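Numbering (the UniProt record's numbering), first residue to last: 1 to 220.
The C-beta atom is built at its ideal place from N, Cα and C for all residues, glycine as well.
Just so we're clear, the structure is a prediction, and the values are computed from it rather than from any experiment.
Quick look at the structure:
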């Protein structure tokens with residue numbers, strides 16, 4: 001009888017162990033399912049992160065493209081600003097209080113001291129020299145009034161290069177003459193243009209008759 005009880009007790013303990021084992025297995029299966037679910041969620045998160053990374057890379061590339069376009073636009077704007085037409089216009093007369101200027105023993109740069117217009121301040125009334133502020137094509141004119149005694153020879157120079165001249169020879173047949181010349185000149189920045197009065201000649205010095213003028217036609 002005692003053996004039967006012990007056997008029953010053993011059976012019960014085995015059943016309890018089986019139940020506990022089944023419970024453990026169920027819990028383990030549940031844990032595995034949860035782990036699988038977690039793995040799936042992690043994989044989904046990884047995929048989403050990868051997708052986000054790809055989108056960020058795409059955004060970075062687009063942003064870089066936008067930056068490049070912005071820089072290009074800024075450069076174009078700067079280039080357009082640099083190409084904006086600069087206004088350069090001057091006109092000056094010799095002055096001199098209605099007296100002759102010259103004749104001199106040597107060739108002399110003629111200084112036009114009376115400023116009529118000097119937009120851009122490229123002409124110097126103290127030296128008689130025009131200095132090109134920007135590269136481009138300029139138009140220059142020289143006009144003079146002269147008495148008959150000595151005649152005149154005016155030469156327009158670019159730096160040291162003779163470009164044009166205008167002249168009048170002495171004459172006993174008339175009291176005075178007027179003359180002039182004009183030219184288009186391609187200059188680079190810093191080129192100097194001036195008028196030279198030849199030795200032994202003269203011009204009439206007033207605020208109205210003997211003039212030197214020029215303006216920028218187009219930048220280049």
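Helix, strand or coil: how does DSSP classify residue i here?
| i | result |
| --- | --- |
| residue 121 | coil |
| residue 65 | helix |
| residue 86 | coil |
| residue 192 | strand |
| residue 28 | helix |
| residue 160 | coil |
| residue 111 | coil |
| residue 213 | strand |
| residue 168 | strand |
| residue 198 | coil |
| residue 132 | coil |
| residue 73 | helix |
| residue 127 | coil |
| residue 10 | helix |
| residue 106 | coil |
From the DSSP output, read off the bridge partner residues of residue i.
| i | result |
| --- | --- |
| residue 101 | 203 |
| residue 183 | 140 |
| residue 218 | 137 |
| residue 153 | 167 |
| residue 177 | 146 |
| residue 263 | Residue 263 falls outside the range modelled here, since the chain spans only 1 to 220, and no answer is possible. |
Use the C-beta contact count for residue i: other C-beta atoms within 10 angstroms, 16 or more gives buried, fewer gives exposed.
| i | result |
| --- | --- |
| residue 171 | exposed |
| residue 158 | buried |
| residue 85 | exposed |
| residue 210 | buried |
| residue 168 | buried |
| residue 201 | buried |
| residue 213 | buried |
| residue 90 | buried |
| residue 197 | buried |
| residue 101 | buried |
| residue 194 | buried |
| residue 175 | exposed |
| residue 10 | exposed |
| residue 77 | exposed |
| residue 104 | exposed |
| residue 65 | exposed |
| residue 94 | buried |
| residue 69 | exposed |
| residue 277 | An answer regarding residue 277 cannot be provided, because it is not within the stretch 1 to 220 covered by the chain. |
| residue 155 | buried |
| residue 218 | exposed |
| residue 216 | buried |
| residue 152 | buried |
| residue 205 | buried |
| residue 121 | exposed |
| residue 92 | buried |
Worksheet item: Does the count of Cβ pairs from the segment 178-188 and the segment 130-149 closer than 8 Å reach three?
Response: yes
Notebook entry, point to check: Are at least three pairs of beta-carbons, each pair with one atom in the segment 140-155 and one in the segment 112-126, less than 8 Å apart?
Noted result: no
Stretch pair the segment 161-170 + the segment 104-122: three plus CB contacts closer than 8 Å: no
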